[in-house]
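The numbering used here numbers the first residue of the sequence shown as 6 and each following residue consecutively. Heads up, the beta-carbon is just placed ideally off N, CA and C, and yes, glycines get one too. To start, the structure itself, in structure tokens.
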Amino acid sequence: MLNFTVGPVQSSDYVREIGSEQVPYFRTDEFSEIMLENERLVKKLAKAPKNSRAVFITGSGTASMEATIINTLTKEDKAIVINGGSFGKRFVELCKIHEIPYSEIAIEFGKCLTEDMLMPYDNKGYTTLIVNVHETSTGVHYDIDMISEFCKRNNLFLIVDAISSFLADPFDMDKLNASVMITGSQKALACPPGISIIVLSAEAVERIENNDPKCMYLNLKSALKDQERGQTPFTPAVGILRQINIRLKEIEENGGVESEIERIQKLAMDFREKIKNLPFEFVSESPSNAVTSLHPLNVSAYDIFLELKNNYNIWICPNGGDLKDKVFRVGHIGALRIEDNDVLITALKDMEKRGLL
């Protein structure tokens, strides 16, 4: 199988080798050392500010989205939520569920957030801004520098879901004055799904310590306390955390975050150039390096997904709902090479010859 989805993505042989081993007992000094190293390396790659912390949640990215909302915000906050797709909508739903006052900036599918959209909320008493910097459902990557400047000017607590953008697009948590960054194991970290990661600034940690959320499993106060000794409050996905450790060290040894971003960017640019002569339209105004969203001109997007899967053993990423037949996505994260792009392009050209595009 050749995997061009946006998660779970292809893992390197080394990461998969760790995953094939017996899972060790984890209440040990050895596992604590791995977890403390994981925290150090994640903070380094995120360029987290001084005195930041990182916690590892056994759960999908949505678990860490919810944990962030219930641990760092209260009914006294007033949030701006950027909603440009499925995952922006998820933050809206989380604010509703947990009764966090909010205003929603709804963005048309595939379009960018603009400064004009933010201006009505300037100096209006908001405390927080919540954004999926890369709206994975559309492929749009928002202008995080513009968002950061707006937040600095308004003294806003900035929560950034970088689940599919981390390691694929530039992100400097300290420079951006981001308070929270969320990511997940199955995106550019290229490990199996099951772990999500929350990087917390000192301000975010202080909010957590002063808050009293009505939950047990997603209580970040407990997670922070246990992470001080490299442990977790409950049984974690031990095998995946070991794989994350190997992957983080692999990224560091290969030149760090800048090198990984450059590698993924080259894959994306190569694919986008090679796809130009095929009957597709690009969907996103400002795409992330992580994924390319495409609209087929003549056939169902879902039919393309099925044909590639069933007859070429190539997986791309379909969309659901109203977009099922309109848009498919091609990921550029994970253990992919330029040669893999050529395999996909060859398959699509063959489909065109057969009248399937």
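Buried or exposed (CB count within 10 angstroms, at least 16 for buried), residue i
i      : result
GLU120 : exposed
ALA3   : Summary: the structure shown does not reach residue 3, with the chain confined to residues 6 through 362, and so no result is reported for it.
ILE343 : exposed
THR10  : buried
PHE176 : buried
SER401 : Nothing can be reported for residue 401: it is not among the residues displayed for the chain, which extend from 6 to 362.
ILE249 : buried
GLY5   : Outside the shown range of the chain (6 to 362) lies residue 5, about which nothing can therefore be said.
ASP174 : buried
PHE310 : buried
GLY260 : exposed
Residue range of the alpha helix (DSSP H) that includes residue i
i      : result
MET186 : MET186 -> not in any alpha helix (DSSP H); beta strand (DSSP E) instead, spanning 185-189.
TYR19  : 18-24
GLY244 : 243-258
THR231 : A quick correction: the sequence has Asp, not Thr, at residue 231. It spans 225-232 - the alpha helix (DSSP H) in which ASP231 sits, taken as one unbroken run.
ILE75  : 66-77
MET124 : Per DSSP, MET124 belongs to no alpha helix (DSSP H) and is neither H nor E.
LYS281 : Unbroken run through LYS281: none, as it is neither H nor E.
LEU328 : Taken as a continuous stretch (DSSP letters only), LEU328 belongs to no alpha helix (DSSP H), as it is neither H nor E.
Residue i (DSSP reduced to helix, strand or coil)
i      : result
ALA51  : helix
VAL288 : coil
ASP148 : coil
THR351 : helix
GLY336 : strand
GLU140 : strand
ASP166 : strand
SER293 : coil
GLU113 : coil
SER108 : strand
SER201 : strand
ASN8   : strand
LEU134 : strand
ILE266 : helix
CYS156 : helix
SER206 : coil
ILE309 : helix
PRO238 : coil
LEU299 : strand
Integer Cβ distance of residue i from residue j, believed to fall under 8 angstroms
i      : j      : result
ALA193 : ALA295 : 7 angstroms
ILE338 : ILE269 : 6 angstroms
GLY85  : TYR131 : Looking at the sequence shown, residue 85 is not Gly but Ile. About 5 angstroms; that satisfies the 8 angstroms criterion.
LEU7   : ILE319 : 5 angstroms
SER37  : GLY235 : 3 angstroms
LEU332 : LEU299 : Residue identity differs from the one stated: residue 332 is Val in this sequence, not Leu. That pair is a contact at about 7 angstroms.
VAL204 : ALA51  : 5 angstroms
SER69  : ILE213 : About 13 angstroms separates the two Cβ atoms, so there is no contact after all.
GLY89  : GLU140 : 5 angstroms
Beta strand (DSSP E) segment containing residue i, residue limits
i      : result
ALA173 : Looking at the DSSP string, ALA173 is not in any beta strand (DSSP E), and its letter there is neither H nor E.
ARG58  : 58-63
LEU99  : From DSSP, LEU99 is part of no beta strand (DSSP E) but of the alpha helix (DSSP H) over 91-102.
ALA84  : 84-88
* Asked: Does the segment 174-182 come close enough to the segment 99-119 that 3 or more CB-CB pairs lie under 8 angstroms?
  -> Not touching, per the Cβ criterion.
* Asked: Does the count of Cβ pairs from the segment 162-175 and the segment 129-144 closer than 8 angstroms reach three?
  -> Contact holds: three or more Cβ-Cβ distances are below 8 angstroms.
* If we count Cβ pairs, one from each stretch, closer than 8 angstroms, do we get three or more for the segment 58-65 versus the segment 22-31? -> They do not touch, by the three-pair rule.
* Asked: Counting pairs of Cβ atoms below 8 angstroms between the segment 212-227 and the segment 10-21, do you hit three or more?
  -> As far as the Cβ criterion goes, the segment 212-227 does not touch the segment 10-21, which means the pair count is below three.
* **Inter-stretch contact (C-beta, 8 angstroms, three-pair minimum) for the segment 275-292 and the segment 94-104** => Counting Cβ pairs under 8 angstroms, fewer than three are found: no touch.
* **Touch test, the segment 136-146 against the segment 14-27, Cβ-Cβ under 8 angstroms, three pairs minimum** => Flag = no, the segment 136-146 and the segment 14-27 do not touch.
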